[in-house]
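Number of protein chains: 2
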Amino acid sequence: MAAVDLSTHPGHLARRLQQAHYLLWNTMVSEEITSPQFAVLNALVAEPGLDQRTVGERVGLDRSTIAEVISRLGRRGLLDKVRDPQDGRRSLLRLTDDGGRVHRKLTVRTARMNQVFLAPLSGDEQALFFSLIQRVSDAAEGLRNPVAPGEPAVSRAP
Amino acid sequence: MAAVDLSTHPGHLARRLQQAHYLLWNTMVSEEITSPQFAVLNALVAEPGLDQRTVGERVGLDRSTIAEVISRLGRRGLLDKVRDPQDGRRSLLRLTDDGGRVHRKLTVRTARMNQVFLAPLSGDEQALFFSLIQRVSDAAEGLRNPVAPGEPAVSRAP
DNA sequence: TAGAAATACTCAGTGCCCTGACTAATCGGG
DNA sequence: CCCGATTAGTCAGGGCACTGAGTATTTCTA
Chain A
1 MAAVDLSTHP GHLARRLQQA HYLLWNTMVS EEITSPQFAV LNALVAEPGL DQRTVGERVG
61 LDRSTIAEVI SRLGRRGLLD KVRDPQDGRR SLLRLTDDGG RVHRKLTVRT ARMNQVFLAP
121 LSGDEQALFF SLIQRVSDAA EGLRNPVAPG EPAVSRAP
Chain B
1 MAAVDLSTHP GHLARRLQQA HYLLWNTMVS EEITSPQFAV LNALVAEPGL DQRTVGERVG
61 LDRSTIAEVI SRLGRRGLLD KVRDPQDGRR SLLRLTDDGG RVHRKLTVRT ARMNQVFLAP
121 LSGDEQALFF SLIQRVSDAA EGLRNPVAPG EPAVSRAP
């Protein structure tokens, strides 16, 4: 009677998209290392020695989740975690040799997987796909913080 | 050195999009009822008396997850679950009056939330956004089953 | 019609994701 | 210098999502 069409609900579509991605990742990339775990490895390849909070910021994981992910990667021996001697609050992170190897291997497979995943779209459509999702996510993210005083909420015309 | 740009990785973008949505849902729609829970309520408004598996199919949740979601909705008194007398394997589901009320209330709020969420996109872009995501998800979903004999993998030209 | 196959559901285990409360360390202003 | 605010990380708790194994029920078939 008053039911709604979920295919026009971005949240529902986002969930389905992620599930589809999970499926493909699991079959084409790895059953051991998850996509968020790969994102963490990747962040540490780009910037070794980052502290835990910053890694979370780079890959979009909150303090609790990043702690769990890092603990799992540590258990697998893919990264090392040491207290910052300069600031006893921080944990500094660095890939092990194994971590680097795993990252390299998965980078290749991930590229292949992305091709398959995006195959239904033309090159132009893929660019559009990225930019539309990015814009929506960024805007919503901007609504999070109550806007620093003097700062505009989202982007300002240059 | 060999780090990758995650902003061109659809999986990463999908995760970020869902997080953004979660955030908005939590502040604009409900802190009690989640988006997947709403999807289940919605499916039962459209088709009362559905069995558990079919509801899962409608909203895109696997057998285990749908069981959990339904158990939570049952605990809150939003739906009733009875054994099918015709087929003792099935559980038939139906909203309670309370469930219907909650669905109506959230339908309104969800519409408002979607507007805010999609505000950064023009009308044309929103349509594109839906269709691109849909196409990618459907295609990946199509790779799941090993293709019924005689049936084409994805869509067939009409 | 009896046994095999399929189907609906449950349960255990793993991982992601968030909030809110807490601890420990650092930093800043009086 | 010290006390209050800020910051990094941990922990408990709730919810989503998947796989693999197990149970009960139905259905198909030899």
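Chains A and B, in that order, are what the protein sequence lines are.
Under UniProt numbering, think of the first position of the first sequence as 1, with each following residue one higher.
Under UniProt numbering, think of the first position of the second sequence as 1, with each following residue one higher.
Built from N, CA and C at the ideal position, the CB exists for glycine as well.
Check	Outcome
Contact set between B/Ser122 and chain A, taken where Cβ atoms lie within less than 7 Å	Chain A residues near B/Ser122: none, gap ~10 Å exceeds 7 Å.
Where B/Ser122 sits in the DSSP three-state scheme	coil
Chain A residues whose Cβ lies nearer than 8 Å to that of B/Val136	Leu17, Ala20, Phe117, Leu118, Pro120, Leu121 and Phe129
Delimiting residues of the alpha helix (DSSP H) encompassing B/Ser64	Arg63 to Arg75
Proximity to A/Gln86 [Cα-Cα], best of A/Asp51, A/Ala14, A/Leu24 and A/Phe38	A/Asp51
Minimum Cβ-Cβ distance from A/Ser35 to chain B less than 8 Å	yes
Proximity test, Cβ basis, 8 Å: B/Arg144 and chain A	yes
Residues of its chain near A/Leu61, where Cβ-Cβ distance is below 7 Å and the 5 sequence neighbours each way are ignored	Pro36 and Val69
Beta carbon proximity, B/His9 to chain A, threshold 8 Å	yes
CB contact check: B/Val69 to chain A, cutoff 8 Å	no
A/Val136 (DSSP reduced to helix, strand or coil)	helix
Chain-order list of residues whose beta-carbon lies under 7 Å from that of A/Pro152 (same chain, five-residue window excluded)	Only weak support exists for where A/Pro152 lies, its pLDDT of 39 falling under 50; the coordinates are left without a value.
Classification of A/Ser137 by the beta-carbon crowding that lies within 10 angstroms, buried from 16 upward	buried
Partner residues on chain B for A/Gly88, Cβ-Cβ distance less than 9 Å	Per Cβ cutoff of 9 Å: no residues; A/Gly88 is ~29 Å from chain B at best.
Under the three-state DSSP convention, the category B/Arg83 falls into	strand
Buried or exposed by the 16-neighbour rule on C-beta atoms within 10 Å, applied to A/Gly88	exposed
Neighbour-count burial assignment, B/Thr110, 16 or more Cβ in a 10 Å radius	buried
DSSP state of B/Ser7 mapped onto helix, strand, coil	helix
Buried versus exposed, by CB contacts within 10 Å (16 or more), A/Pro146	Summary for A/Pro146: the model assigns pLDDT 49, below 50, so the residue's position carries little reliability, and this model does not support an answer.
A/Ala119 CB to nearest heavy atom of the ligand SAH below 7 Å	Only the bare structure without any ligand can be found here, which leaves the ligand SAH out of the picture.
Neighbour list for A/Ile133 in chain B, Cβ cutoff strictly below 9 Å	Pro10, Leu13, Ala14, Arg16, Leu17, Phe129, Leu132 and Ile133
Under 7 Å from the C-beta of B/Leu23: neighbouring residues of chain A	Ala140 and Arg144
Whether B/Gly11 touches A/Trp25 by CB criterion (8 Å)	yes
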